[in-house]
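Everything below concerns the one structure shown next.
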C-alpha cells in the first residue's frame, strides 16, 4: 500500500482509451512504411488492399468477427460480455480509419519513393509505439480487441501456458497472412521482414514498458464493480 502511494494513479478506463488510440496510430504508421505489418494486423490490411471500397478498419471488423466466432467455438463458451472485445474492435477500427485520412498514412502515397532509411525509421518507431500500446492493454480491466482477447480467453478457459498459446496463435495468424497474401496477390503484400522483426522484438519491448509502468504508475478503476464483473 505504501509503495502504491508513491506512484501516479491512472484511471483504468483512461488507459483503455489511450491503448486503442495509440495502437491505431502505430498500425497506421507501420502500414505507411510498407515493410510489413505484424501478423495480427496483416490479414485485415491485405483484404483492404484487395477490396478497394473496404477500409483497413472495416476489414478489421470482418477478420475480428471471424476470429470471435472461432474463439467461441474453440473455448466452447459464449458470454454476452465477450462482445465487449468486439466493441473495442469497432472503436479501434474507427480510430484507424481516421488516422488513415492523413495523407502520409493513407494508401494513396507511395512509400517506395521514400529513402529506405526513412522507411526503416518509421517502421522502427511504429514497433516501439505498438509495444507500448499493447502494454497498456494489460493495465486495464476492459477487454481489448478480439485479436488480443483471443489469447486471454483461451488461457483462462483451459489454463494453458500463456507463452505457448501466444506463440501458437501468432503462428496461426502468420500462416493466415501468408496464405491471404499469395492467394489474393500472388506475392508479398502486408507481410515482409518487418513482420518477422515484430514477432521477435515486441515481446521484450512490451516487457520493458510494463516494468517501467509498474515502477511509476498504478491503474485504478473508476467503476470497481465493472472491473469485478469483467474479471469473473
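Residue numbers (the numbering used here): 19 to 250.
We put the beta carbon where it would ideally sit given N, CA and C, even for glycine.
**Asked** Exposed or buried, which one is residue 225 when buried takes at least 16 other CB atoms within 10 Å?
**Response** What you label residue 225 is simply residue 207 of the chain shown in a count that begins at 1. With fewer than 16 other Cβ atoms within 10 Å, it is exposed.
**Message:** Tell me the rounded alpha-carbon separation between residue 53 and residue 160.
**Reply:** The residue labelled residue 53 in the question sits at position 35 within the chain shown. The residue labelled residue 160 in the question sits at position 142 within the chain shown. Looking at the two C-alpha atoms, the distance is approximately 31 Å.
**Message:** Please identify the residue among 163, 217 and 240 whose C-alpha is closest to the C-alpha of residue 327.
**Reply:** The displayed coordinates of the chain run from 19 to 250. Any statement about residue 327 would go beyond what the structure contains.
**Prompt:** By Cβ distance, which residues of its chain are closer than 6 Å to residue 228, with the 5 residues on each side in sequence left out?
**Reply:** In the chain shown, residue 228 corresponds to position 210, counting from 1. 153, listed in sequence order.
**Prompt:** Opposite residue 235 in the DSSP bridges: which residues?
**Reply:** Residue numbering aside, residue 235 sits at position 217 when the chain shown is read from its first letter. Partner(s): 26.
**Message:** Please classify residue 70 as buried or exposed, where buried requires at least 16 other C-beta atoms within 10 Å of its C-beta.
**Reply:** By 1-based counting over the chain shown, the position of residue 70 is 52. By the neighbour-count criterion, in which a residue is buried when 16 or more other Cβ atoms sit within 10 angstroms of its Cβ, residue 70 is exposed.
**Request:** Over the uninterrupted alpha helix (DSSP H) stretch that includes residue 247, give me the two end residues.
**Result:** Here residue 247 refers to the residue found at position 229 when the chain shown is read from its first residue. 242 to 248 is the extent of the alpha helix (DSSP H) around residue 247.
**Message:** Among the candidates 78, 191 and 138, whose CA atom is the shortest distance from the CA of residue 212?
**Reply:** For this step, residue 212 is matched to residue 194 along the chain shown. Here the closest residue by C-alpha is 138.
**Expected contact under 8 Å - CB spacing of residue 81 and residue 62 to nearest Å** = For the purposes of this step, residue 81 is identified with residue 63 of the chain shown, where counting begins at 1. For the purposes of this step, residue 62 is identified with residue 44 of the chain shown, where counting begins at 1. Confirmed, about 5 Å.
**Prompt:** Can you check whether the CB of residue 44 is closer than 7 Å to the CB of residue 195?
**Reply:** Translated into the one-based positions of the chain shown, residue 195 becomes position 177. Translated into the one-based positions of the chain shown, residue 44 becomes position 26. Not a contact, by the Cβ cut-off of 7 Å.
**Buried/exposed call for residue 201, threshold 16 Cβ in 10 Å** = In the chain shown, the residue the question calls residue 201 occupies position 183. Label assigned to residue 201: exposed.
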